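Mapping to numbering that gives the first Met the number 0: the sequence shown position 68 is 67, numbers consecutive.
Each residue gets a CB set at the ideal place from its N, CA and C atoms; glycine is no exception.
Predicted, not measured: the structure shown is a model, and the values here were computed from it.
A short write-up of the structure that comes next.
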Amino acid sequence: MMRPPVLLAVELSNGHFMSCRLLYPDRNTLSYLNRWYRDMVEAIFLIELGNLHSIQRARIMAMHRDWGELWSDHKPRFSRSWNYLNALARSLKVKTLFVHTGGKWESRRPFDR
């Protein structure tokens with residue numbers, strides 16, 4: 000079953016968000032994130048890869064690195080606040096956010112706080 004893309008976001012210490020899209024999440028994606036990318040540094044490393052094709056346990060497929068897509072099309076995005084992150088999700092037609100805060104990933108819908 001094909002699931003719609005999600006937005007991965009990390010809340011930085013200055014209150015801004017760094018985000019990228021995950022194009023093909025599966026039902027285990029959130030548990031993979033919480034197991035393999037729990038620390039803030041690992042979460043930032045994950046987002047720094049830009050838009051991701053898929054996550055399978057510790058293996059990541061990045062659109063730029065692994066598929067040879069243009070970096071300018073897949074680089075991470077920064078949002079100044081939760082409202083800007085919601086606007087980004089709406090413009091990308093993403094209905095689910097996986098947000099890293101407090102050492103764990105949580106699933107949120109846009110416009111929830």
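Boundaries of the alpha helix (DSSP H) in which residue i is found, first to last residue
{"i": "V9", "result": "First-last for V9: 5 to 10, but that is the beta strand (DSSP E), not the alpha helix (DSSP H)."}
{"i": "E47", "result": "39 to 47"}
{"i": "S113", "result": "This structure leaves residue 113 out entirely; the chain is present only between 0 and 112."}
Residue j beta carbon less than 8 angstroms from that of residue i
{"i": "P75", "j": "S18", "result": "yes"}
{"i": "L84", "j": "I54", "result": "no"}
{"i": "H73", "j": "M60", "result": "no"}
{"i": "A57", "j": "V9", "result": "no"}
{"i": "L48", "j": "L7", "result": "no"}
{"i": "W104", "j": "L11", "result": "no"}
{"i": "F77", "j": "V5", "result": "no"}
{"i": "R107", "j": "H15", "result": "no"}
Simplified DSSP state of residue i, which is helix, strand or coil
{"i": "R26", "result": "coil"}
{"i": "A86", "result": "helix"}
{"i": "R56", "result": "coil"}
{"i": "H63", "result": "helix"}
{"i": "L32", "result": "helix"}
Buried or exposed (CB count within 10 angstroms, at least 16 for buried), residue i
{"i": "P3", "result": "exposed"}
{"i": "A86", "result": "exposed"}
Continuous beta strand (DSSP E) stretch holding residue i: start and end
{"i": "T100", "result": "96 to 100"}
{"i": "L91", "result": "Segment: none, L91 is in no beta strand (DSSP E) and carries neither H nor E."}
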